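The numbers in this note's numbering rise by one with no breaks, and the one at position 2 of the sequence shown is 16.
What follows is a set of notes on a single structure, which appears directly below.
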Amino acid sequence: MADSWEVILHHTYRGAPGVVYDSSPIKGAHGVAVGGVKFHPDGQGPDSGSISFRNAASCIHVEATKGWDTLGALKIETVCRFGLAARRGHFQSLIRYRDRFLLGVYGSNPNTRTVHILASVHTGTPQRFGILSPRLPVDEWLTLGVWFNGWDRLELSVDGAVVKTKTSAIGVGPLSGRSPAIIDIGGRGYHRVRFEGRIDEVRISRSNPRAVAEDFLNRPMDSETAECWVRWGRKLLDWLRQNPRCADEFAALVTQMRHTVYAIDRDAELRDMFRRAAETYRKEWRTGLLASDAMVDALVAVSSVIGRSDLPVQASVDLLTASDCWRRLRMEVPVPQCDPQLAQLANVVTETLEEGQGRAHQDADNRH
C-alpha cells in the first residue's frame, strides 16, 4: 500500500555551516540562516550537526514552494535539546508556520529544570486547537513528535512513546496549506524570546495526496487496464479544474463524511471492526482477489455500520447523489468499463447488500 505520509521538509543541519538543504523527496523547503544562527559540528551524535540561536531574531527561514498547498493531516518530528528561558513565563518558538501551526517551549521551571511543550494547529475555526505536554527535561537530546490526524486529534510523543493526546468533540477540520509557505525554525516567536536549546533535525510530513490513487493501482492488472484508469483519472482532474464550484461541493461533502469516520474511531468496538475490515481489504486488494468472499464480507460489514442512524454519513451520501454536480460528473466523465475485476466486485457487493435488505424487510414483515 502507498505510504500515507509524504515528507515535505527535512533538515539535518550537517555539512557546510550556513547551508540548510531540504533532503525531502520534494526538495522545495530549503532554508536560510538569518539573525546569527550558530552551526555546531555535533548534535545528538558526533558529526550529526546541530544549530543554536544567538538572539530572538535568529532562525532558519524557509519559503517552501512545493508540497505545502494542501496539508490535511500533519506530522512533525524533531531531534532537539531544550534549555531554560531567561524569563520564566515566556514562550520559546521551535517551529512556526505562520497562522497554521506552532510548536515551542512553554513554561520553563529552573527549580525542576523542566519545560512544557506546546503544539497547536489552526484550521480556520475561531480558536486554535492545542495540546500541552507533561514536564520534559532540559539539556537532554529528545525526539519530539507531533501528529494531527486532519480532523479532531492531536498527539505528542517523546522518543517514540505517546505522552499526551487531545481530541476535539466536534472536530476542527483538515489543515489547509499555502504556497509559498513561510516557516521559521527557532526564534521569531512570541515575546521575541530566542529558543534556548539546540536542534539536530526537523522533519515535517503531510497526508499523502496521492495515496488513494497509488493504492488503487497497486494490484495485479494488465498494462491496458492500468493505462485506462490513468486516462480516466486525468479526465476527472481536468473536469474538477474546469468546474471549481463542483470541486468545492465534493470537498465539503468529503469533510462531512470524515467527521463520521472519526466518530467511528472513538467507538472501540466499531474501530476494531473497521481495522479488521481494512486489513482484509488491503490483503485481498494487493493479491487481486477483488470479488473474494472475504473482500465482500469486509465491504458489507463497513457498509452496514456506515448506514447506522446514529452515524449521519448517509445524509452526506444522499446530498451527493442528489446534486446536479454529481449528475453532470457521471454523465461527462463516466466510469470506464475497462476493469472486469472491479466490475465483478461492484456487482457482487450490490447483490449481497440487496439480498441483506430483502431479508431485513422480510424479517420485519414476519414480526408484524
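Glycine is no exception: its CB is placed at the ideal position from the N, C-alpha and C atoms.
In this text, all values refer to a predicted model and were calculated from it rather than measured experimentally.
Rounding to the nearest angstrom, what Cα-Cα distance links A282 and N163 in this structure? In the sequence shown, counting from the first residue as 1, residue 282 sits at position 268. In the sequence shown, counting from the first residue as 1, residue 163 sits at position 149. Spanning the alpha carbons of A282 and N163 requires a straight line of approximately 17 angstroms.
Mind checking whether P31 and F53 have CB atoms under 7 angstroms apart? Within the sequence shown, numbered from 1, the residue matching residue 31 stands at position 17. Within the sequence shown, numbered from 1, the residue matching residue 53 stands at position 39. It is a contact, given that the beta carbons lie within the stated cut-off.
Which partner residues of E215 appear in the DSSP bridge assignment? By one-based count along the sequence shown, residue 215 stands at place 201. V93, per the DSSP bridge assignment.
Endpoints, the beta strand (DSSP E) within which G86 is located: Residue numbering aside, residue 86 sits at position 72 when the sequence shown is read from its first letter. Judged by DSSP secondary structure, G86 falls within the beta strand (DSSP E) whose first and last residues are 84-86.
For L146, the nearest candidate out of V135, H130, T137 (CA to CA): Here the question's residue 146 lines up with position 132 in the sequence shown. Per the C-alpha coordinates, the member of V135, H130, T137 positioned closest to L146 is H130.
Span of the beta strand (DSSP E) around Y295: Translated into the one-based positions of the sequence shown, residue 295 becomes position 281. Membership of Y295 in any beta strand (DSSP E) is not indicated; the residue belongs instead to the alpha helix (DSSP H) covering 282-301.
Going by DSSP, what residue range makes up the beta strand (DSSP E) through W246? Your numbering for residue 246 matches position 232 in the sequence shown. W246: not part of any beta strand (DSSP E); member of the alpha helix (DSSP H) spanning 237-256, first to last residue.
Fully enclosed by the region 153-210, which beta strand (DSSP E) runs are 3 residues long or longer? Within the region 153-210, the runs of beta strand (DSSP E) at least 3 residues long that lie entirely inside it are, in chain order, 155-162, 167-172, 175-181, 195-199.
Cα-Cα separation between Q355 and A225, rounded to whole angstroms: Taking the first residue of the sequence shown as 1, we reach residue 355 at position 341. Taking the first residue of the sequence shown as 1, we reach residue 225 at position 211. A straight line joining the alpha-carbon of Q355 with that of A225 spans about 21 angstroms.
Taking 7 angstroms as the threshold (C-beta atoms), are I74 and I218 in contact? Translated into positions along the sequence shown, residue 218 becomes position 204. Translated into positions along the sequence shown, residue 74 becomes position 60. Cβ distance not < 7 angstroms, so I218 and I74 don't count as in contact.
What residue from G191, S134, V34 has the CA that sits closest to P223's CA? For the purposes of this step, residue 223 is taken as residue 209 along the sequence shown, with counting starting at 1. Nearest option by C-alpha distance: G191.
With DSSP collapsed to three states, give me the class of P60. As a working note, residue 60 is residue 46 in the sequence shown. Looking at P60 - three-state DSSP - the assignment turns out to be coil, as it is neither helix nor strand.
Compute the Euclidean distance between the alpha carbons of V152 and V177, then round it to the nearest angstrom. Position 138 of the sequence shown, counted from the start, is the residue given in the question as residue 152. Position 163 of the sequence shown, counted from the start, is the residue given in the question as residue 177. In this structure, the CA atom of V152 is about 16 angstroms from the CA atom of V177.
Per DSSP, what kind of secondary structure is A133 in: helix, strand or coil? Stepping through the sequence shown from its first residue, residue 133 is reached at position 119. The answer is strand: DSSP assigns A133 an E or B state.
Collapsed DSSP secondary structure at S318 in the structure displayed: Sequence index remark: in the sequence shown, residue 318 carries index 304 (1-based). In the three-state reduction of the DSSP assignment, S318 falls in the helix class, which pools H, G and I.
For the beta strand (DSSP E) that contains R110, what are its first and last residues? Here the question's residue 110 lines up with position 96 in the sequence shown. It spans 106-111 - the beta strand (DSSP E) in which R110 sits, taken as one unbroken run.
State the Cα-Cα distance for the pair G20 and S221, rounded to the nearest angstrom. Locating residue 20 in the sequence shown gives position 6, where the first residue counts as 1. Locating residue 221 in the sequence shown gives position 207, where the first residue counts as 1. First, the residue type needs correcting, since residue 20 is Glu and not Gly in the sequence shown. Their Cα atoms are separated by approximately 6 angstroms.
What does DSSP give as the partner residues of S221 in its beta bridges? Locating residue 221 in the sequence shown gives position 207, where the first residue counts as 1. In DSSP, S221 forms a bridge with W19.
For R212, collect the residues of the same chain with a Cβ closer than 6 angstroms to its Cβ; drop the 5 residues on either side in sequence, then sort them by chain order. For the purposes of this step, residue 212 is taken as the residue at position 198 of the sequence shown. Around R212: S64, S66, R95.
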